[in-house]
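Those protein sequences? They're chains U and F, same order as listed.
For the record, in the first sequence the residue sitting at position 181 is 181 according to full-length UniProt numbering, with numbers rising by one throughout.
For the record, in the second sequence the residue sitting at position 50 is 50 according to full-length UniProt numbering, with numbers rising by one throughout.
The beta-carbon is built from N, C-alpha and C at its ideal position, and this holds for glycine as well.
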Amino acid sequence: MSTDSKPTIFINPAKCIGCRHCEIACAVEHSQSKDLFSAIFEDPLPLPRIHILPMGAYNVPMNCRHCDGAPCVEVCPTGALYHDEQGAVMLAEDKCIGCKMCAIVCPFGIPEFDALNGVMFKCDMCPDRRAEGREPACVEACKTGALQFGTIDEIVSKVRKEKAEQIVKLKEGEVEEEYNGWDLYRSMQTVVIRINEGDSK
Amino acid sequence: MKKNYKEVSIDPTTQQMYERAQEMGIETVWERLEKQQPQCGYGLLGICCRNCMMGPCRINPFGGEPKRGVCGADADTIVARNLLRMIAAGAAAHSDHGRHVALTLLIAAEMAEKFKKEGKPVLELDNMASNTLPYQVRDVEKLKAVAKRLGIETEGRTIREIAKEVAEVALNDFGKQDEEAIAFLKAYLNPKTYEVFEKAGEKAGMPWFENGILPRSIDREIVESLHRTHIGTDHDPVSILLHGLKTSLGDAWGGSLIATELQDILFGTPQVIKAEANLGVLKEDYVNIVVHGHEPVLSEKIVEAAQDPELIELAQKYGAKGINVVGMCCTGLEVLMRHGIPIAGNFLQQEMAIVTGAVEAMVVDVQCIMPATVDVARCFHTKIIDTSPIATFPGAIHIKFDERRADEIAKEIVKTAVENFPNRSKQRVEIPKEKMEGYVGFSVEAILKHFGGTLKPIEDAIIEGKIKGVAGLVGCNNPKVKQDHNHIKIANELMKRDVLLVGTGCWATAAMKYGIFLPEYADTENVGPGLREFAKEWGIPPALNMGSCVDCTRILVLADMVARDLNVPIHALPVVGSAPEAMTEKAVSIGTYFVASGITTHLGVVPPVLGGPKVVKILTHDLYDIVGAAFIVEPDPYKAAKKMYDHIMKKRKELGI
Ligand code: SF4
Ligand code: SF4
Ligand code: SF4
Ligand code: SF4
Numbered sequence: 001m002s003t004d005s006k007p008t009i010f011i012n013p014a015k016c017i018g019c020r021h022c023e024i025a026c027a028v029e030h031s032q033s034k035d036l037f038s039a040i041f042e043d044p045l046p047l048p049r050i051h052i053l054p055m056g057a058y059n060v061p062m063n064c065r066h067c068d069g070a071p072c073v074e075v076c077p078t079g080a081l082y083h084d085e086q087g088a089v090m091l092a093e094d095k096c097i098g099c100k101m102c103a104i105v106c107p108f109g110i111p112e113f114d115a116l117n118g119v120m121f122k123c124d125m126c127p128d129r130r131a132e133g134r135e136p137a138c139v140e141a142c143k144t145g146a147l148q149f150g151t152i153d154e155i156v157s158k159v160r161k162e163k164a165e166q167i168v169k170l171k172e173g174e175v176e177e178e179y180n181g182w183d184l185y186r187s188m189q190t191v192v193i194r195i196n197e198g199d200s201k
Numbered sequence: 001m002k003k004n005y006k007e008v009s010i011d012p013t014t015q016q017m018y019e020r021a022q023e024m025g026i027e028t029v030w031e032r033l034e035k036q037q038p039q040c041g042y043g044l045l046g047i048c049c050r051n052c053m054m055g056p057c058r059i060n061p062f063g064g065e066p067k068r069g070v071c072g073a074d075a076d077t078i079v080a081r082n083l084l085r086m087i088a089a090g091a092a093a094h095s096d097h098g099r100h101v102a103l104t105l106l107i108a109a110e111m112a113e114k115f116k117k118e119g120k121p122v123l124e125l126d127n128m129a130s131n132t133l134p135y136q137v138r139d140v141e142k143l144k145a146v147a148k149r150l151g152i153e154t155e156g157r158t159i160r161e162i163a164k165e166v167a168e169v170a171l172n173d174f175g176k177q178d179e180e181a182i183a184f185l186k187a188y189l190n191p192k193t194y195e196v197f198e199k200a201g202e203k204a205g206m207p208w209f210e211n212g213i214l215p216r217s218i219d220r221e222i223v224e225s226l227h228r229t230h231i232g233t234d235h236d237p238v239s240i241l242l243h244g245l246k247t248s249l250g251d252a253w254g255g256s257l258i259a260t261e262l263q264d265i266l267f268g269t270p271q272v273i274k275a276e277a278n279l280g281v282l283k284e285d286y287v288n289i290v291v292h293g294h295e296p297v298l299s300e301k302i303v304e305a306a307q308d309p310e311l312i313e314l315a316q317k318y319g320a321k322g323i324n325v326v327g328m329c330c331t332g333l334e335v336l337m338r339h340g341i342p343i344a345g346n347f348l349q350q351e352m353a354i355v356t357g358a359v360e361a362m363v364v365d366v367q368c369i370m371p372a373t374v375d376v377a378r379c380f381h382t383k384i385i386d387t388s389p390i391a392t393f394p395g396a397i398h399i400k401f402d403e404r405r406a407d408e409i410a411k412e413i414v415k416t417a418v419e420n421f422p423n424r425s426k427q428r429v430e431i432p433k434e435k436m437e438g439y440v441g442f443s444v445e446a447i448l449k450h451f452g453g454t455l456k457p458i459e460d461a462i463i464e465g466k467i468k469g470v471a472g473l474v475g476c477n478n479p480k481v482k483q484d485h486n487h488i489k490i491a492n493e494l495m496k497r498d499v500l501l502v503g504t505g506c507w508a509t510a511a512m513k514y515g516i517f518l519p520e521y522a523d524t525e526n527v528g529p530g531l532r533e534f535a536k537e538w539g540i541p542p543a544l545n546m547g548s549c550v551d552c553t554r555i556l557v558l559a560d561m562v563a564r565d566l567n568v569p570i571h572a573l574p575v576v577g578s579a580p581e582a583m584t585e586k587a588v589s590i591g592t593y594f595v596a597s598g599i600t601t602h603l604g605v606v607p608p609v610l611g612g613p614k615v616v617k618i619l620t621h622d623l624y625d626i627v628g629a630a631f632i633v634e635p636d637p638y639k640a641a642k643k644m645y646d647h648i649m650k651k652r653k654e655l656g657i
């Protein structure tokens, strides 16, 4: 079995509380100044590459999956999209002709069009940070653990270990109902959604 | 994204106007809520703190890091502090309103004094009335009753003198510096509940709360709330929340009570009267003026000015049949209760009223007025006129109010509206037909009068079991909840179980729109047999409209009287409260003072506290041991009604009835 040294950003909607901190951090990372207080005065304003989508009582963080056999890369007629040495899918703005083919084929609706410059833009997994051995900006900003960064093996083995621990605790009857305010809120929110969508009488 | 109009409201007029707004491309509260999604979970759970510049800090709600703010505050400290700040803001809003009324009474008394000295006509002794005075004592009997409660001498004194002293005692309650409980609380609260307040600190294991949760001064408790929540001050959720109860009691038995009682003195105590509600009260061929906000000090004058023959003539000159003043939110309820002025709607209908295209002016004062009204008004000829020196709306016309020139200013405002009538585009007018009649004006005094000077018939019905108990339904609309849905469902579910309803605020407007304030409503399947029989016997609707949200104090005064009659503290009574569609910080203060006063209260919208498990436990459990009542949080209206009913039955059992 070969191990994959390519990093990935793992999303966990159950832990996303919709604070949109990741969106802000991403925009700041892609600003000229990389400083929040300056970034908000820049022209053009920096844009985030991650979006939080409310889906009923859940929030789903959506950013690039940096696919191995990336359809966007394959379809790009000018070679603007490419895998960098760590496997992240990058976009060379100078080669991009704004044909939007990548957006058409992306299964997740990731590449966006920057009308001002006539080119596409997308998550680049924060190359400057990776070069310094730091986590992507969104992952660092996310304090709830909804976003995790690592190789797929690292993340999956961590998840596997957590599950195994739970199973043992279950067996030994050790798990007490742990208080979780967000789950409590979400269960109530489900009721509200049901009522609002229900019959009007 | 186009939203189904049925999802936003059960009110047909809102549905119709919302569809219209969508067709016209007008953005309303529901689109703005949509654009806010997802709303930040830290805020929803109450676990973000911005109280100092080491922050902002937030806590991981899933138990991982960060567990503490930079200063070391944990989730419970942060949640409790945030909640206390909400209570303080709500109490401040009510109380500042109360202060304004007290100052108006003082000004009225002083002006009468001055006029007297100058030899101008002031009706002597039993009235301060004079055509030249902007404000007068309209209810001398109530003035004397309030004075008597406060221990103010009334014999052989002029109305001016009594009014002045009542105003002074009220104003003193705002800023006094001693440790004694405020005078209004002492004058109104029964000794058994007083004792509960006094002992709350001890019960909570904090004996250094020497006078428990008795508020010492209305302003001081609010200021102390800000002090306690400053970085590095109070960190124990118990003491933070105890002070929250105290602050809210300063609102209940202080600020709000003063507002209600002194407004009754100045403008008359409401008596039972029939009136109409919903957008259908706007009139196609009249100049429509919507008074919106909370303080009747100005709207009373607008109502008067709209009857000015000269202004009516002017309106007719412009082709209108006359001037139609209608209310919105609590200002609307104030003039509804006292004069039967129709009410156009509750909180979520403020934009809808403008969308009719038939409103010449929306005259706003303070609280719950969306700044968006100005934007919606831009799509029509409607003028938004802001009047309070503390509430300015960018893009509105500013005609700021001054009590001393009240008549003049009110006329100017009405004139501005009338002169706007020719700008109305007739083709763009669409007024929904629906409106509903109902009986309003159930002040404590009116209820007493109706029952022959005593509450005994109600008490007997409760003891007999014909009525199981009483529920106080209050509070706002919130676009997170389908408008009026929870208000009406909870009301019906409680009435079905023979619970008599009393209510205020946007709940009351909702109830009125659905016909609940008609005696005939007792014949519907939504009312149980016991309550039906009682309502019919006494010729009342199964639910009583007690006024605006500051008038929640009328519910407290009523509960206090029953507690006195039965010789128990309020928390022993089969009484519950509910804010089914709560939205404001004021609602948080009301909920808290209901609970602190002994009325277990349901909230239909989750307040931002779930991130603090200890805080949740205190609010929903521990408070039973401290003040005898606690919060119930339940978004499902059916389950909520069941829980409230169960609480009533528990209280009945404890009372042995
Ligand atoms: S843009 Fe879409 S297709 Fe391309 S790598 Fe990202 S997720 Fe895959
Ligand atoms: S990895 Fe970087 S570029 Fe991609 S969403 Fe996160 S912050 Fe934005
Ligand atoms: S920072 Fe984390 S929790 Fe917040 S919105 Fe982004 S993914 Fe969700
Ligand atoms: S008071 Fe404490 S928790 Fe609040 S912002 Fe300051 S350091 Fe953070």
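Taken through DSSP and simplified to helix, strand or coil, Ser256 (chain F) comes out as helix.
Taking C-alpha positions only, Ile26 (chain F) is separated from Lys35 (chain F) by approximately 14 Å. Contact residues of the segment 24-41 of chain F toward chain U are Gln37, Pro38, Gln39, Cys40, Gly41 (C-beta to C-beta distance below 8 Å). In the structure shown, Tyr82 (chain U) falls within a strand segment according to DSSP collapsed to helix, strand and coil. Proximity of the beta carbon of Lys169 (chain U) to ligand 1 is not indicated: no heavy atom of the ligand is located closer than 7 Å.
Proximity of chain F to Pro48 (chain U) at the Cβ level (cut-off 7 Å) is not reached, the minimal Cβ distance being about 14 Å. Taking 7 Å as the cut-off, one finds at least one heavy atom of ligand 1 near enough to the beta carbon of Lys122 (chain U). Placement of the Cβ of Ile9 (chain U) at a distance of less than 7 Å from at least one heavy atom of ligand 2 is found.
DSSP, read as helix, strand or coil, puts Phe41 (chain U) in coil. In terms of Cβ geometry, Met120 (chain U) and His66 (chain U) do not form a close pair [threshold 8 Å]. Here Gln32 (chain U) is exposed, its C-beta having fewer than 16 other C-beta atoms within 10 Å. Taking a contact as a CB-CB distance under 8 Å, the pair Lys489 (chain F) and Pro574 (chain F) does not count as one, their CB atoms being some 21 Å apart. With a threshold of 8 Å between beta carbons, Leu44 (chain F) makes contact with chain U.
For Arg20 (chain U), the neighbours in chain F by C-beta distance under 8 Å run, in chain order, Pro38, Cys40. Not flagged as an interface residue toward chain F: Ile40 (chain U), since no C-beta distance is shorter than 8 Å. Listed along the chain, the chain U residues whose CB falls inside 7 Å of the CB of His485 (chain F) are Ile195.
Only residues of its own chain outside the window of five on either side were considered, and among them Glu581, Ala582, Met583, Val605 have a CB closer than 7 Å to the CB of Asn478 (chain F), listed in chain order. In this structure, Met125 (chain U) has its CB closer than 7 Å to one or more heavy atoms of ligand 2. Around the beta carbon of Lys67 (chain F), fewer than 16 other beta carbons lie within 10 angstroms, which makes this residue exposed. Per DSSP, reduced to three states, the secondary structure at Glu118 (chain F) is coil, with no helix or strand assignment. Annotated as distal: Ala305 (chain F) and Leu314 (chain F), with beta-carbon spacing of 8 Å or more. At a C-beta separation below 7 Å, Lys15 (chain U) has these neighbours in chain F: Phe62. Distance from the CA atom of Gly547 (chain F) to the CA atom of Thr144 (chain U), rounded to whole angstroms, is 45 Å. Secondary structure note for His51 (chain U): its beta strand (DSSP E) is the uninterrupted segment 51-55. Remark: C-beta atoms of Phe442 (chain F) and Asn526 (chain F) do not approach each other more closely than 8 Å. Around Glu132 (chain U), no beta-carbon contact reaches into chain F at under 9 Å, the shortest distance being about 22 Å. Not one beta carbon of chain U lies nearer than 8 Å to the beta carbon of Gly591 (chain F).
Against chain U, the beta carbon of Lys482 (chain F) has neighbours under 7 Å at Ile195, Asn196, listed in chain order. Tyr439 (chain F) is positioned such that its CB atom lies no closer than 8 Å to that of Pro296 (chain F). Checking the DSSP bridge columns, you'll see Val499 (chain F) partnered with F:Gly469. What Glu7 (chain F) touches in chain U, judged by beta-carbon distance under 8 Å, is Asn196, Glu197, going in chain order. Proximity of the beta carbon of Ile10 (chain F) to ligand 2 is not indicated: no heavy atom of the ligand is located closer than 7 Å. The beta-carbon separation of Ile431 (chain F) and Glu284 (chain F), rounded to 6 Å, stays under the 8 Å limit for a contact. Along the UniProt domain "4Fe-4S ferredoxin-type" (54-86) of chain U, going in chain order, the ones with a CB nearer than 8 Å to a CB of chain F are Pro54, Asn59.
Excluding the 5 residues flanking it on each side, Lys199 (chain F) has same chain C-beta neighbours closer than 8 Å at Gly212, in chain order. Taken through DSSP and simplified to helix, strand or coil, Thr454 (chain F) comes out as coil.
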